[in-house]
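First comes the structure, then the notes that go with it.
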């Protein structure tokens, strides 16, 4: 199939891409990314700090660490050295120019993972087999931004992610393809809990792709618009409630484990010590 993959340039999307890469290599793929979501002037300190390590440190400090220590890794970063597919920033997914480019490409499917732009009707009509989105929370309960934060804030034992269609410009209101859940871990950070959802989500996407390849109808469930809630950008009070539960928003220990679990899997003990020092110097601790 011809696939246009829409990502945000952050650690979550980059990890998910690498989990999908083996399957994506069976298709003709073009990748488009968004660089930012929302107005940074309106974001609370804890969200800006979280985003710093999801984006700035991940694509700068960590890559510098890898190069300085001459570390070999199969992990493919969404940066200037990306080679597997064409990749470019998408400033306006709804522009006439972009839609024309997509019509020329003639994609079968759009896949969105944390993409920071809202798709409108004209571009949604382009792919023959539709647009699917991986939402990092359980629908319809937690629509919008950082649903996992709100699920944990409300002391849910389970968190999850939802693969759903995007048939129009509505936000997280499409038909549900499948939901994957895992246990929330209140001994770990919010960041760590969010990361755990993306291997589950990658498996949902791979399953959907294999079904589409075999012309197996992907069954969906319509959402009840009267159920669930929509959450906008979290405020400081939301993060304070997380802290009141004894949970860090992000921690050096959890960040390092995510890096060694998904990005740099074969570090020596010496290299792990160097990574710990790098993270300590970054101001994460």
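In our numbering, the protein residues as written are 60 to 344. Every residue, glycine too, gets a C-beta built ideally from N, C-alpha and C.
Asked	Found
For residue 331, the three-state DSSP class (helix, strand or coil)	helix
Proximity of residue 306 and residue 249 at Cβ, strictly below 8 Å	yes
Cβ distance (whole Å) where residue 65 is taken to contact residue 170 below 8 Å	7 Å
Nearest to residue 81 (by Cα), restricted to the options 133, 92, 325, 230	133
Within 8 Å, strictly: CB atoms of residue 158 and residue 182	yes
CB of residue 231 within 8 Å of CB of residue 203, strictly	yes
Residue 151 and residue 185 closer than 8 Å at C-beta	no
Range covered by the beta strand (DSSP E) that runs through residue 202	201 to 203
C-beta neighbour in chain B for residue 181, strict 8 Å	Of the chains in the structure shown, none is chain B; there is only one protein chain.
Residues that DSSP places opposite residue 237 in a beta bridge	222
Secondary structure of residue 79, DSSP reduced to three states	helix
Cβ neighbour criterion (16 or more within 10 Å) applied to residue 69	buried
Residue(s) in a DSSP beta bridge with residue 266	Paired residues: none, contrary to the question.
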